[in-house]
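Peer 1:
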Amino acid sequence: MNDQLTMRLARLPEPAPPPKLAAAVMARITQDAEAPVLAAERGPAAVQRDVRAWLPAAAGLTLALGATLYPWLDAGALPGVSAVRLTPFDWSPDLLPAGGPATALMVLGLLVSLAGLLRDAGARRG
Amino acid sequence: MNQVDSDAAAVRAAIAAVRQGDREAFGRVVEIYQRRLFGLALMMTRDPAGAEEVAQDAFVRAFRHLDAYDARRPFYPWLSTIAVRLAQNWLVRRTRVRQREGTGLNPEHDAPGAADPLGDLIADESDRRLWGSVAALPSGERTAVILFYRQEMSVREIARALGVSTGTIKTLLFRARRRLRQLLTASERTSHE
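If you read the sequences in order, they're chains A and B. Taking my numbering, I'd label the letters of the first sequence as residues 810 to 935. Taking my numbering, I'd label the letters of the second sequence as residues 449 to 641.
1. Going by DSSP, what residue range makes up the alpha helix (DSSP H) through B:Val612?
2. Does the region 587-607 of chain B touch the region 485-492 of chain B, meaning 3 or more C-beta pairs lie closer than 8 Å?
3. Could you check how far apart the C-beta atoms of B:Ile594 and B:Leu488 are, in whole angstroms? I think they sit under 8 Å.
4. Consult DSSP for A:Lys805 and reduce its assignment to one of helix, strand or coil.
5. Any idea what DSSP makes of B:Pro560, helix, strand or coil?
6. Just to confirm the assignment, what range does the alpha helix (DSSP H) spanning B:Asp453 have?
7. By DSSP, does B:Asp495 sit in helix, in strand, or in coil?
8. Is any beta-carbon of chain B found at less than 8 Å from that of A:Pro824?
9. Taking A:Ala924 as the reference, give the member of A:Ala862, A:Gln813, A:Leu874 with the closest Cα.
10. Output needed for B:Leu632: all residues of its chain with C-beta closer than 8 Å, excluding positions within five of it in sequence on either side, in chain order.
11. Leaving out the 5 sequence neighbours to the left and right, which residues in its chain are closer than 7 Å to B:Phe511 when beta-carbon positions are compared?
12. Cβ of B:Ala506 within 8 Å of Cβ of B:Leu534?
13. Along chain A, in chain order, which residues have C-beta atoms closer than 7 Å to that of B:Tyr597?
14. Note the first and the last residue of the continuous alpha helix (DSSP H) segment covering B:Ala519.
15. Nearest CA to the CA of B:Pro522: which residue from B:Ser454, B:Asn537, B:Val502, B:Ala499?
16. Can you find a CB in chain B that lies within less than 8 Å of the CB of A:Arg837?
17. In chain A, which residues lie less than 8 Å from B:Gln504 when you measure between Cβ atoms?
18. Once you ignore the five residues that flank A:Leu919 on each side, which residues in its own chain have a CB closer than 7 Å to its CB?
19. Taking the alpha-carbon of B:Arg476 as reference, which of A:Gln840, A:Asp841, A:Ala832 has the nearest alpha-carbon?
20. If we ignore side chains and look at the alpha-carbon of each, how far apart do A:Thr815 and B:Tyr597 end up?
21. Could you tell me the distance, in whole angstroms, from the CA atom of B:Val545 to the CA atom of B:Ile617?
22. Please list, in chain order, the chain B residues whose beta carbon lies closer than 8 Å to that of A:Ala842.
23. Can you look up B:Ala584 in the DSSP assignment and give me helix, strand or coil?
24. Beta-carbon of A:Pro827 versus every beta-carbon of chain B: anything under 8 Å?
Written as C-alpha cells, this is what we have:
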C-alpha cells in the first residue's frame, strides 16, 4: 500500500504556475534591491535640505515666542488668560506684546520662520 | 547528466552569480523551481491566489537571505522550508480572518470533497480521487504527506522546516497514511457502485 501510495502521489501532475509569477518575483527583487540605494543616495541630501529649511523656521518661531513671553516673564507674572474677553472686534491685545522692540522681534521671528518654510516648499517643488 | 542534476548545477551556478552581484541570475532559479514551489504552495493553501502570494514571497525572501543559505547543501529544501513557513502563516491568517468574519464556522470551507483547485487540473479520475483524499487530510498531516512524498524531503528536513521533532513527523505520516488508506478505500468503493 505504501509503495503504491508513494508512486501514485509522486505521479500526480504538477499544476502550472501563473504565467507572470517569475516576472513578478524579479520585479519585486529589482524594486527591493534599488530601494535602499535610492534611500542611501537621497538620505544625506534630504537631511541637509530639511535642516536648511527647518532651522530658520524653528529659530524664527523661537524668536517670536521669546518676544511674546519675555515681557511677561520680565514683569514676573503671566497675564490672566481666563479673564480676557475675545470678540471679533476686540481680540485681546493684552496677550500680544505692547509694542516697540518686542513686537518688531516677534514679527521678525515670524517672517524668518515663514521664509524658511517657503524656501523648503520651493526646493521640494523644484 | 539527468534533468535533476543539470537543474541543480544550473541553480548552483546562478546562486554563485547572484553572490557575485548578478541579480538577474536569480531569474534562472525562479524559472527552475517555480512550478514545483507553486505546486507545494497550492497543495498547502488550496487557494490559487494564496499559493501565488506564498510562492512569490518565498522567492523574494530566499533572495534577500541568500547569505544564510549554505551552498554545500541542496537549494530546494532550503527554499521549500521558507515556502512551508509562509504557507503556514498564510493558513493561520486566513483562519483568523474567517473567524473574525464569522465564516470559520461554515463547514463548507474545509469539508472533504469541497471544490479544490488542484483537483480541477487533474484529468485522471483515480489521480483526482487520490488528490481529493490528500486534500481532505488535516493540514498538519497534509503538509507532512506533501513534503515527504511530493517534495521528497526527509523526515529530518520536514521536522526542521515545520519546527517540530522527527517523532511528530513520523506520527503525522503514520496517521496520514492510515487516513488516506481509509479515504481511498471508501472513495474507490463509492466509484464502483
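Beta carbons are placed, not taken as given, at the ideal position from N, Cα and C, and that holds for glycine. Everything numeric in this text was worked out from a predicted model, so none of it was measured.
Peer 2: The answer reads as follows:
1. The sequence position of residue 612 of chain B within the second sequence is 164, counting from 1. Where B:Val612 is concerned, there is no enclosing alpha helix (DSSP H), given that its DSSP letter is neither H nor E.
2. Three or more Cβ pairs drawn from the region 485-492 of chain B and the region 587-607 of chain B lie within less than 8 Å of each other, which places the two stretches in contact.
3. In the second sequence, the residue the question calls residue 594 of chain B occupies position 146. In the second sequence, the residue the question calls residue 488 of chain B occupies position 40. At roughly 7 Å, the Cβ-Cβ gap stays under 8 Å, so B:Ile594 and B:Leu488 are in contact.
4. Past the edges of chain A, shown from 810 to 935, lies residue 805 of chain A, and the structure says nothing about it.
5. Locating residue 560 of chain B in the second sequence gives position 112, counting from the first residue. Here B:Pro560 scores only 45 on pLDDT, less than 50, and its place in the model should not be relied on; the value that follows carries that caveat. Coil at B:Pro560, not helix or strand.
6. Against the second sequence, residue 453 of chain B aligns to sequence position 5. Where B:Asp453 is concerned, the enclosing alpha helix (DSSP H) stretches over 451-467.
7. Translated into the one-based positions of the second sequence, residue 495 of chain B becomes position 47. In this structure, B:Asp495 counts as coil in the three-state DSSP scheme.
8. The residue you call residue 824 of chain A lines up with position 15 of the first sequence. Yes, A:Pro824 lies at the interface with chain B (some Cβ there is under 8 Å from its Cβ).
9. Locating residue 924 of chain A in the first sequence gives position 115, where the first residue counts as 1. Taking only the C-alpha atoms, the option nearest A:Ala924 is A:Ala862.
10. Within the second sequence, the letter at position 184 stands for residue 632 of chain B. Excluding sequence neighbours, B:Leu632 sits near Arg577, Leu578, Ser581.
11. For the purposes of this step, residue 511 of chain B is taken as the residue at position 63 of the second sequence. So the list reads Phe474, once near-sequence residues are dropped.
12. Reading the second sequence from its first residue, position 58 is the one you call residue 506 of chain B. Reading the second sequence from its first residue, position 86 is the one you call residue 534 of chain B. B:Ala506 is a Cβ neighbour of B:Leu534, given a cutoff of 8 Å.
13. The residue labelled residue 597 of chain B in the question sits at position 149 within the second sequence. Ordered by position in chain A, the residues that pass the 7 Å Cβ test against B:Tyr597 are Thr815, Leu818, Ala819.
14. Position 71 of the second sequence, counted from the start, is the residue given in the question as residue 519 of chain B. No alpha helix (DSSP H) holds B:Ala519; DSSP gives it neither H nor E.
15. On the second sequence, position 74 is the one that residue 522 of chain B refers to. Out of B:Ser454, B:Asn537, B:Val502, B:Ala499, B:Ser454 has the C-alpha closest to the C-alpha of B:Pro522.
16. Within the first sequence, residue 837 of chain A is the residue found at index 28, counting from 1. The C-beta of A:Arg837 comes closer than 8 Å to at least one C-beta of chain B.
17. Reading the second sequence from its first residue, position 56 is the one you call residue 504 of chain B. Result: Leu830, Ala833, Val834, Arg837.
18. Walking along the first sequence from the start, residue 919 of chain A turns up at place 110. Taken in chain order, the residues that qualify are Gly869, Ala873.
19. To locate residue 476 of chain B, count along the second sequence from 1; it is residue 28. With respect to the C-alpha of B:Arg476, the residue from A:Gln840, A:Asp841, A:Ala832 having the closest C-alpha is A:Ala832.
20. Reading the first sequence from its first residue, position 6 is the one you call residue 815 of chain A. Reading the second sequence from its first residue, position 149 is the one you call residue 597 of chain B. Distance between the alpha carbons of A:Thr815 and B:Tyr597: 6 Å.
21. For the purposes of this step, residue 545 of chain B is identified with residue 97 of the second sequence, where counting begins at 1. For the purposes of this step, residue 617 of chain B is identified with residue 169 of the second sequence, where counting begins at 1. Distance between the alpha carbons of B:Val545 and B:Ile617 is about 28 Å.
22. Here residue 842 of chain A corresponds to residue number 33 of the first sequence, with the count starting at 1. Within 8 Å Cβ-Cβ: Arg471.
23. To locate residue 584 of chain B, count along the second sequence from 1; it is residue 136. In the structure shown, B:Ala584 sits in coil (DSSP, three-state: anything other than H, G, I, E or B).
24. Taking the first sequence and counting its residues from 1, one reaches residue 827 of chain A at position 18. Output row for A:Pro827: interface = yes.
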